Each structure stands twice: as C-alpha cells, then as structure tokens.
Amino acid sequence: MLKLARSSSTVGVAAASMHKLYKTIENEVEEPLQGTVKGSIPVWIKGSLYRNGPGMFEVGEHKFKHWFDGMSMLQRFHISDGKVTYQRKFLRSDTFLNNTTSGRITINEFATAASPDPCKNIFQRFLTIFETDDMSDNTLVNVFPLKDELYTTTEIKYLNKIDPETLDRTEKNVPAKKEGETEFPAGEIVFKTQSPWKIHFNYYHSFSMTENYFVFVQQPLLSNVPKILLGRKTGYAFASSLTGYPEIKNRFRIVDRKTGEEINADHVIESDAFLYFHQINAYEEQGHIIVDISCHEDTKVLERFYMKNLTSKEYEENLKNASEPEPRRYVIPLDLGKEEKGGDMVSLERTTAKCKKIDDKTFHLQPEILADIGLEFPQINYRKYNTKKYRYIYGVAFRHKKNPLTTLAKVDASTKTYIEWEEDKCYPSEPVFVPKPRGASEDDGVVVAAVNRVGEGDDDNSCFLLVLDAKSFTEIARVEFEGIERFPYDFHGVYADDKSLKKA
Ligand SMILES: [Fe+2]
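Residue numbering for the sequence shown follows the numbering used here, starting at 23 and increasing by one per position.
Take a look at the structure:
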C-alpha cells in the first residue's frame, strides 16, 4: 500500500479530481465478469456485496443538479472460493424507463425538477401537475435484505424488489393504502407521530434501535410544505423546500418498540444544533440509552453536493468548506426523575457525555467525541452488534478539511483511537464489514469497499474492490476487472451470504 505524504500539495489534486467521480457510467455489466485478484481473499467468504448509488447524471441534454439525484445503478461483487465476479445494471424503475425513452427528466428528483415536456403547451403542463402523484421511484440510496428478499430504497414511498442474481427489478412496492394492508413482507406500522411544526416537517435520513427502543433525532433541517406545493407548480424540487436552522435545537425522541409509545413524551431532551444523515448504532446500558451519530455542524451540508455548473475548482472549494462529520456519543438516562449528580443526570462510568437538567421538563445533552476524525458512511459489525454494546466503527474519513472522503478509518470507540487506509488519488466507498463465521471477536472478519482512483487526465482512472483485514485494517487483497475503469460513486451497500437470499 502506498502511503500518502500529508503535504498540502497533494490536497488540491485529490479534491479537484473528485469532480470526475460524478459522471455517467457508460456501460452495464450483465454477465458476471471475473476479476483479477492480487493478494488472497479468505475462502470462508461466500456471498455478495451489493451497492446502490447514482450512475447516470444526465438524460439527453438535461443534467441532474445534485449527487442525490442521478439514476440508480446497482452493483454486485460476488465472492466465492477466493474469486470475485462483478455485475452492474441501472435500476429499471418506471422513472428510468420514462426518462430514457423520452430523453428528458420526466419527474422531480430530490434537487432536480422535471424538464418540461416539449409535446405539451403551458396549459397542459399545468394540468399534468394534478394528474401525477409527483414522486419518482428512482430508489438510488440503499439496498438491503428483508428476510430472504433484496430491496432498494430512498427517502420516498416506493421500494423496488431486486433479483439478487441478475439485478433486475422484479416488483415495485408501494405503501399500504388501507388499514391492515402491508406494503412489503413483514411490514408493520409501529409508531406514528405528528410534525411539531405548523407548516414544516423535520428531515430524517436514518434512525437507530436499541433492544427495546427506537431512537429518533429531530434535526433542525426543516422542509417547508407550502414551498413543496409551490415548487410543483413552478419547477422547483424538494431540496428547495429545505432550510437548516442553527438556532433550533435537536430533540431526541425514544419510542418503545413493543408498544409504540413514546417514553418521556412530556419531556424535552435536546442538544445544541447539528445535522446528520447517519446514526451509527444505539444500545442500552445500566438505565441509559447510548446513541452514536455522525454529526455535521454545518446546516448547509446538503448544499455542498450540488454539481450543476460548478467547475472542479468551485466544487473543491465547496467540499473543503463543508464541516467534518464528527462521530459523537449522546447518552440519555431512561429515568429522568432521578437525582442528578453535580448537575449531570448521567451515572454511567467511562463516558464524558452529559445530560443536564434545565428544568423539570427540559434536559440538555452534551456529547462525547468518539474520535478526532471526520467520519461519514459509518458501518459496524451490524449482524451481531446492531442494538448492542459495541466498540468498532468503520467509515469514510475526512481529515481536517484537507482531503474529504479520501481515506477509510476504523474507530475504536472505547479508546477513541483510529487507524486508516489510504492510497494516492483514491476515493473509497462506504466500507462494509463482513463477519467471519463463528468469529471470536467483534472485528473478526474483513472490510470491503469499492475504490475509485482518479488521476488528472481523462484516461487516468482505475478502480478495484478492496479487501481489508478488519482487525489490522491492512490490505489483504484487491480485485480489478478488465475493461472497468470506474465504479459509480455511490452511497450504501450490504453484504449478503449466498444462502441468505432466494432468487426472485
Ligand atoms: Fe445514507
């Protein structure tokens, strides 16, 4: 592994080249393509890494404006007997088919409004607003199993069911319309809540669970409903309705998983403002809920990923000005009526997180910083440690505003230390932990990530699947695929054992 010298001269090259990642992937790979393995992949790995993210950034001459808008492309890395094959395919959503058939963006995405239909006059276009439910089914953000089926999703009401071998979409799932109906297997509504605002609602991207509770964190990124409705008539997308309010505090809400009741509903459990996409994990310990989150101080973080009309230099500046997402721990005592000690309700040892009683109704949380490194796309040993007390977080790291998203890090939350993997000009994806069967420790396994290496010239690109030993965080193998120079620069993925998914 080539280690980068941490000199400022490499910084500009790395960030400026990042702009090249947001380009359309030209070719699908339908038949599994055998890779060339350098190193050694453990033979106990028998399964697939699935990944989801944008692979198409324009339709005809119409460009998507934001990283969160492109057409979903699914990837599958199948690992068996120390070998790896690669497939990728655009998700055949209704939106994808409509867009590619008509040559324009036919429906609003997160930050990009539909391009006008040239076949309709202004009056017809106005009427169209009332004919459509105005929601894309381009589920480009996540891919995960539900029981033995594979689904893709994003922050909209649709899910798409995927054939785990061909990556074909086999079914479009929509929410239940009647009480008692389920929208997908094993679906059940456990908790409903009202927005605390009159004409706004809070933006959520994730939540976490302990063994007994859901943990929702209301963040001060609010969507203005009249703006959404007006946007549908005036050509603005959902993102234009969102505003970050640094003066509004975050509110932590705990819901009993069995009863659906919000505990401490009469209390306000709050913290100073931060934005977040990803809660890392949560668990219960000695009458407390511990919740770990990748927190952004910057309430404009979503705006950093607008691409349209930006030069690489401007994009580089945008990213360098983004706040580092800080891995933080918040600790919430379940019994808020107990006596406080020295102004702090937290009685757990080995944490510096605090919960200060402001008055009988209001409690203010102060976080513990888990490591002095920016961390996004956090992952854990999910299979064994989701909802449980845990120690290790894997993520894509920011290093002090110099090289955003260029290294992978493993954080030890118990010692607040971290180790990293990095390589010159490389941009790794979210790292996914693959547990060793009957592994002895939490980090007994490997970490896999799809890595893009982007140089300065148009022909200077390459990519590989990286396999790290999860304990030492050192490379044990990398896999290249002939003719594949770039992977989609994507969001989320999941590893699934061969036997865990049934063919659709
Ligand atoms: Fe996400």
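Virtual Cβ for every residue (Gly too), placed ideally from N, Cα, C. Predicted model, so just to flag it, every value in this text is computed and none were measured.
Look at residue i and residue j and say whether their C-beta atoms are less than 8 Å apart.
| i | j | result |
| --- | --- | --- |
| S490 | V433 | Looking at the sequence itself, residue 490 is Leu, so the reference to Ser does not match. Their beta carbons are not under 8 Å apart, which means L490 does not touch V433 by this criterion. |
| Y407 | E464 | yes |
| A133 | F79 | no |
| L181 | N74 | no |
| V516 | P64 | no |
| E50 | R110 | yes |
| L55 | T107 | yes |
| F223 | S230 | no |
| I291 | R273 | yes |
| S158 | E131 | yes |
| K214 | V196 | no |
| K60 | R500 | yes |
| I127 | S115 | no |
| I219 | L244 | Here residue 219 is Trp; the residue named in the question, Ile, does not match the sequence. Yes, the pair counts as a contact, with Cβ atoms nearer than the cut-off. |
| S228 | H289 | no |
| V237 | H310 | no |
| K378 | D394 | no |
| L297 | V323 | yes |
| R413 | A435 | yes |
| V527 | L96 | What is shown of the chain runs 23 to 526, which leaves residue 527 out entirely. |
| E502 | G57 | yes |
| K68 | D519 | yes |
What residue range is occupied by the uninterrupted alpha helix (DSSP H) comprising residue i?
| i | result |
| --- | --- |
| F118 | D116 to S124 |
Once DSSP output is grouped into helix, strand and coil, what is the label at residue i?
| i | result |
| --- | --- |
| F513 | coil |
| A133 | coil |
| T256 | helix |
| I407 | Per the sequence shown, the amino acid found at residue 407 is Tyr instead of Ile. Helix. |
| R326 | helix |
| I250 | helix |
| H227 | coil |
| L523 | coil |
| M40 | helix |
| E284 | strand |
| N340 | helix |
| R508 | coil |
| S463 | coil |
| A393 | coil |
| S262 | helix |
| H289 | coil |
| G77 | strand |
| N272 | strand |
| I315 | strand |
| A27 | Bear in mind that a pLDDT of 29 at A27, under 50, signals an unreliable position, so the number given afterwards is only what the model happens to contain. Three-state result, A27: coil. |
| Y414 | strand |
| K447 | coil |
| V51 | strand |
| E398 | strand |
| Q216 | coil |
| T192 | strand |
| Q109 | strand |
| S158 | coil |
| T46 | coil |
| R279 | coil |
| F486 | strand |
| A518 | strand |
| F503 | coil |
| I151 | The predicted position of I151 is uncertain, since its pLDDT is 48 and thus under 50; a value taken from the coordinates is nonetheless stated next. Helix. |
Which residues bound the beta strand (DSSP E) around residue i?
| i | result |
| --- | --- |
| P167 | N164 to L168 |
| D89 | Note that residue 89 corresponds to Trp in the displayed sequence, not to Asp. Counting along the chain, W89 falls outside any beta strand (DSSP E), and DSSP gives it neither H nor E. |
| D480 | From DSSP, D480 is part of no beta strand (DSSP E); its letter is neither H nor E. |
| T58 | T58 to G61 |
| A304 | L297 to E307 |
| S494 | It is not in any beta strand (DSSP E) - S494 carries neither H nor E in the DSSP assignment. |
| L370 | Run containing L370: none; DSSP gives neither H nor E here. |
| T175 | E171 to T175 |
| K432 | T429 to D434 |
| K438 | It is not in any beta strand (DSSP E) - K438 carries neither H nor E in the DSSP assignment. |
| P457 | V454 to P457 |
| I354 | E348 to P355 |
| V65 | Unbroken run through V65: none, as it is neither H nor E. |
| K383 | Unbroken run through K383: none, as it is neither H nor E. |
With respect to 7 Å, is the separation between the Cβ of residue i and the closest non-hydrogen atom of ligand 3 below this value?
| i | result |
| --- | --- |
| G461 | This structure simply doesn't include ligand 3; it includes ligand 1 instead. |
Hey, which residues come within less than 6 Å of ligand 1, measuring from Cβ to any heavy atom, in chain order? Any residue whose Cβ sits closer than 6 Å to a heavy atom of ligand 1 makes the list: V163, H227, F299, H300, F513 and H514.
Counting Cβ pairs, one atom from each stretch, are 3 or more of them under 8 Å apart for the segment 314-322 and the segment 244-253? no
With contact counted as at least three CB pairs below 8 Å, one residue from each stretch, are the segment 395-403 and the segment 453-471 in contact? yes
On the three-pair Cβ rule with 8 Å, is the segment 449-460 touching the segment 355-372? no
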